[in-house]
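To start, the structure under review is shown below, and the notes come after it.
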Amino acid sequence: MAGLVDLVQTLTTPHALDRYLELVRPTLTVRDMRAEIITVRRDTPGSVTLTLRPTRQWRGHLAGQYVQIGVLIDGVKHTRCYSPIDVEAGSQRRLQLTVKAHPEGLVSQYLHRHAAPGMVVDLAPAAGVFTLPRVRPDKIVLISGGSGITPVLSMLRTLDAEGYRGPVAFLHYAQSPEAVPHRAELDAIAARRTNFRIALCYPELDLSEVLHGAPWSCAANPVSGFFGHEQLERVAPWFATAETYVCGPAPLMHSVREVFRGEQLEHRLHSEEFTLAAAPVDPQQVTGTTTFSASGTEARNTGETLLDQAESAGLTPEYGCRMGICFSCTSIKRSGCTRNLRTGELDSDPDQPIQLCINAAVGDVDIDI
């Protein structure tokens with residue numbers, strides 16, 4: 256069968272076979288994976304939840320992983336990464352994504368405004384290592400903030416579906432109760448799982464609500480303010496012997512890491528970041544010329560990411576998440592020194608693959624795009 260497909264691909268050159276099949280039906284593909292949006296819900300202000308029906312190539316996901324979807328906007332395809340919120344599953348032909356419409360988010364804003372049943376998007380296989388281990392830990396803490404709820408919600412749903420019997424603490428931070436997606440489901444999980452403690456925290460309102468995780472109640476154990484050691488102790492006094500999974504904005508991630516570093520528990524902390532927290536830049540390092548040798552283009556180094564510089568120079572390198580998660584923008588650095596904007600580390604080895612979205616040039620750099 257594979258040989259026949261290769262033969263047909265050759266006969267249909269210069270276009271791939273799927274380019275012709277999509278003229279008949281967008282989800283009729285041989286190799287490319289796509290998904291049709293079958294339901295759209297806008298229950299939470301500023302967010303949209305999409306139920307997708309992937310094509311037959313879909314092989315499922317692990318709780319906490321992400322997928323890339325490609326959306327055509329004004330004739331240009333844009334790809335972004337989102338974490339499914341479903342229970343961990345195999346090749347079940349359903350997939351749910353909750354997308355927060357960020358102010359500067361081109362794709363998220365488009366989906367929030369225009370997503371409708373029948374729309375077809377490109378879909379990449381699930382990826383990422385922010386997952387629960389196959390053998391579940393004896394105790395689990397889940398911490399999230401804002402749109403970082405999506406991967407840990409998949410973890411929470413999975414533990415609930417599996418009938419997990421160990422203690423689970425779930426802390427989510429949001430601006431207001433209305434900004435928390437899937438609150439009704441969180442309420443239901445907490446009501447039926449007495450070993451689950453689910454806390455919703457609204458630091459800016461100086462208010463917290465703990466759902467019905469008996470025997471623990473909001474009145475008896477109030478939680479308020481931003482994340483800190485005392486708050487974690489109150490919600491999960493056993494956290495030192497648990498495995499903790501955290502995803503959220505940079506300030507929350509920093510606070511959690513500080514607590515675990517102070518307790519010498521970094522080995523028990525697992526994290527996923529959906530924002531790029533750049534290390535401080537020394538202005539004296541912003542010099543030189545960035546050369547994109549494969550396209551014969553040069554640009555003055557501005558200190559921005561190599562992806563931003565390439566786009567400013569009129570190039571269109573492939574990318575997905577723009578935050579160092581998906582590796583779609585990986586290219587070869589032929590020469591020069593680059594700086595990882597997450598860690599601040601310098602790399603001057605030639606002919607090395609680097610991620611354009613999280614690296615900047617330090618002096619003269621040659622990138623093979």
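Numbering-wise (the working numbering), the sequence shown opens with residue 256 and increments by one. Beta carbons: idealized from backbone N, C-alpha and C, even for Gly.
Counting only C-beta atoms, is residue i closer than 8 Å to chain B at any point?
i, result
"GLY599", "Protein chains in the displayed structure number just one, and chain B is not present."
By DSSP's criteria, residue i is part of a beta bridge. Which residues make up the other side?
i, result
"ALA616", "THR593"
"PHE494", "DSSP output for PHE494 lists no bridge partner at all."
"TYR500", "LEU397, HIS525"
"ASP415", "DSSP lists no partner for ASP415."
"GLY558", "Per DSSP, none; premise fails for GLY558."
"ARG296", "THR304"
"PHE482", "None, per the DSSP bridge assignment."
"HIS509", "The partner list for HIS509 (beta bridge, DSSP) is empty, contrary to what the question assumes."
"ILE622", "PHE547, LYS588"
"GLU291", "ARG308, VAL375"
"PHE451", "VAL423"
"GLU553", "THR546"
"ASP604", "Its beta-bridge partners do not exist; DSSP assigns none."
Mind checking which residues open and close the alpha helix (DSSP H) that includes residue i?
i, result
"LEU305", "Segment 302-309 is the beta strand (DSSP E) holding LEU305; no alpha helix (DSSP H) there."
"ILE444", "438-447"
"PHE425", "Per DSSP, PHE425 belongs to no alpha helix (DSSP H); it is in the beta strand (DSSP E), 423-428."
"TYR365", "361-369"
"HIS357", "Segment: none, HIS357 is in no alpha helix (DSSP H) and carries neither H nor E."
Using a 10 Å radius around the Cβ and a threshold of 16 neighbouring Cβ atoms, would you call residue i buried or exposed?
i, result
"LEU460", "exposed"
"ALA290", "buried"
"SER603", "exposed"
"ARG555", "exposed"
"GLU527", "buried"
"PHE494", "buried"
"ALA475", "Annotation note: pLDDT 38 at ALA475 (below 50); position unreliable, no value reported."
"GLY551", "exposed"
"ILE328", "exposed"
"PHE547", "buried"
"THR353", "buried"
"VAL511", "buried"
"PRO608", "exposed"
"ALA439", "exposed"
"GLN320", "buried"
"ARG368", "exposed"
Keeping to the same chain, check which residues put their C-beta closer than 6 Å to that of residue i; ignore five residues upstream and five downstream.
i, result
"THR413", "ALA318, VAL342, GLU343"
"PRO477", "The predicted position of PRO477 is uncertain, since its pLDDT is 42 and thus under 50; no value can be drawn from it."
"GLY480", "PRO458"
"PRO392", "GLU498"
"ALA416", "VAL342"
"SER590", "PRO605, ASP621"
"HIS427", "SER399, ILE404, LEU455"
"THR299", "PRO436"
"LEU387", "ALA318, MET410"
"ALA568", "THR552, ALA554"
Take residue i and list the residues in its own chain whose beta-carbon comes closer than 8 Å to its own, dropping the five residues that flank it on each side.
i, result
"LEU613", "A quick correction: the sequence has Ile, not Leu, at residue 613. Here the set comprises LEU531, THR560, MET578, GLY579, ASN595, LEU596, ARG597."
Beta strand (DSSP E) containing residue i: first to last residue?
i, result
"GLY315", "That residue, GLY315, is in no beta strand (DSSP E); it is neither H nor E in DSSP."
"GLY325", "322-328"
"PRO608", "607-610"
"LEU378", "375-378"
"THR571", "Unbroken run through THR571: none, as it is neither H nor E."
"ARG349", "Where ARG349 is concerned, there is no enclosing beta strand (DSSP E), given that its DSSP letter is neither H nor E."
"VAL331", "331-337"
Leaving aside the five residues before and after residue i along the sequence, list all residues of the same chain whose C-beta is less than 7 Å from its C-beta, in chain order.
i, result
"GLY330", "none"
"ARG348", "ARG308, PRO309, TRP313"
"LEU278", "With a pLDDT of only 47 at LEU278, under the threshold of 50, the placement of this residue in the model should not be trusted; the figure read from the coordinates follows. Nothing listed; no residue qualifies."
"LEU411", "LEU397, PHE425, ILE444"
"GLN564", "THR545, ALA554, THR557"
"LEU408", "ILE340, HIS437"
"VAL295", "VAL303, LEU305, ALA370, ALA371, PRO372"
"GLU573", "SER583, CYS584"
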